[in-house]
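Trainee: With the first letter of the sequence shown counted as 1, position 67 gets the number 634 in the numbering used here; the numbers rise by one all the way through.
Glycine included, C-beta positions come from ideal geometry on N, C-alpha and C.
Being a predicted model, the structure only gives us computed values, none of them experimental.
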Amino acid sequence: MTQILLLEEQNFIAALRKGSSQAYGQLLDEYQQKVFGTCISFVPNKEDAEDIAQEVFVEIFNSIGKFKEESKLSTWIYRVSVNKSLEFIRKKNTKKRFGFMQSLLGNDLPIDRSSYFTEFNHPGIQLENKEKSKILFAAINKLPETQRIVYTLNKIEDLSYKEVSEITEKSISSIESLLFRAKENLRELLYDYYKKE
Numbered sequence: 568m569t570q571i572l573l574l575e576e577q578n579f580i581a582a583l584r585k586g587s588s589q590a591y592g593q594l595l596d597e598y599q600q601k602v603f604g605t606c607i608s609f610v611p612n613k614e615d616a617e618d619i620a621q622e623v624f625v626e627i628f629n630s631i632g633k634f635k636e637e638s639k640l641s642t643w644i645y646r647v648s649v650n651k652s653l654e655f656i657r658k659k660n661t662k663k664r665f666g667f668m669q670s671l672l673g674n675d676l677p678i679d680r681s682s683y684f685t686e687f688n689h690p691g692i693q694l695e696n697k698e699k700s701k702i703l704f705a706a707i708n709k710l711p712e713t714q715r716i717v718y719t720l721n722k723i724e725d726l727s728y729k730e731v732s733e734i735t736e737k738s739i740s741s742i743e744s745l746l747f748r749a750k751e752n753l754r755e756l757l758y759d760y761y762k763k764e
């Protein structure tokens, strides 16, 4: 069974490399929601997440020839999605409307806290209270990058340690350690926030 799936994936990748429009249609059907879900986990704004998702597919289209098949296609697509999202965050970090995310848990609270966060019906986070979602996403954004990636993929995207390990190219023990530190940091950030309330 695994052999057949592997063969099917190799044929699919070969079709993508040839520029088959049918293969690209299938790629979009299969991965559009997953890619968008990953992007919105890192950048909780619908329009921006959609733009990033489009960039992900452009990147896949342009780079499929370089894909070495050392991992599964889905792992590579997740990796591209994470990288594009982080690239976006780095570019936006210097800009005003994104800067407020980092100050959300600080003293410098903007008057309109809803100006950036638009998407809180994320499938990975079922919180009744949208305000809590905003606070959680802002806290996640304050984590060091490696912790943020691992936490988002595991806790929000609901990927297994093994999948996170393949995407990030880190060992399972370092994934566990990063998750532990991320949870500790989040506990502290959220405690500080609620103490001020």
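When you measure from the CB of K585 to every non-hydrogen atom of the ligand FMN, does any distance come out below 7 Å?
Mentor: Ligands in the displayed structure: none, and consequently the ligand FMN is not present.
Trainee: Straight-line CA distance for Y591 to L583?
Mentor: C-alpha separation (whole angstroms): 6 Å.
Trainee: Using 8 Å as the Cβ pair cut-off and three pairs as the minimum, do the segment 622-640 and the segment 716-725 touch?
Mentor: Touching, no, given that fewer than three Cβ pairs across the two stretches are closer than 8 Å.
Trainee: Compare the C-alpha of S744 against each of I716, V602 and S641 and name the closest.
Mentor: Closest by alpha carbon: I716.
Trainee: On the criterion of 16 or more Cβ atoms from any shown chain inside 10 Å, does N708 qualify as buried, or is it exposed?
Mentor: N708 comes out buried.
Trainee: Quick check on the DSSP output: the alpha helix (DSSP H) that includes K722 runs from which residue to which?
Mentor: Counting along the chain, K722 falls outside any alpha helix (DSSP H), and DSSP gives it neither H nor E.
Trainee: One question on the structure: do L640 and I702 come within less than 8 Å of each other, judged by their Cβ atoms?
Mentor: It is not a contact, given that the beta carbons lie outside the stated cut-off.
Trainee: I644: buried (16+ other C-beta within 10 angstroms of its C-beta) or exposed?
Mentor: I644 comes out buried.
Trainee: For F609, report the span of its alpha helix (DSSP H) as first-last.
Mentor: Element bounds for F609: S588 to F609.
Trainee: If you check the beta carbons only, do V602 and S648 fall under 8 Å apart?
Mentor: Yes, they are a contact pair.
Trainee: Taking 6 Å as the limit between beta carbons, can you name the residues of its chain near Y728, skipping five residues before and five after?
Mentor: Around Y728: I739 and I742.
Trainee: Between P711, K737 and S732, which has its C-alpha nearest K750's C-alpha?
Mentor: Comparing Cα positions, the closest option is P711.
Trainee: Once DSSP output is grouped into helix, strand and coil, what is the label at E736?
Mentor: In this structure, E736 counts as coil in the three-state DSSP scheme.
Trainee: In terms of alpha-carbon separation, which member of D725, Q593 and Q714 lies closest to K737?
Mentor: When each option's Cα is compared against that of K737, the closest is Q714.
Trainee: Using the Cα positions of E755 and F634, report the straight-line distance between them to the nearest angstrom.
Mentor: Going from the Cα of E755 to the Cα of F634 covers about 40 Å.
Trainee: So, helix, strand or coil for F634, using DSSP?
Mentor: Of the three classes helix, strand and coil, the one that applies to F634 here is coil, per DSSP.
Trainee: Count the other CB atoms within 10 Å of the CB of S588; is the residue buried (16 or more) or exposed (fewer)?
Mentor: So S588 counts as exposed.
Trainee: Judging by CA-CA distance, which residue of E637, E597 and N650 is the nearest neighbour of A616?
Mentor: Looking at the Cα atoms, N650 is the closest of the given residues.
Trainee: Need the endpoints of the alpha helix (DSSP H) that N650 sits in, please.
Mentor: L640 to K659 is the extent of the alpha helix (DSSP H) around N650.
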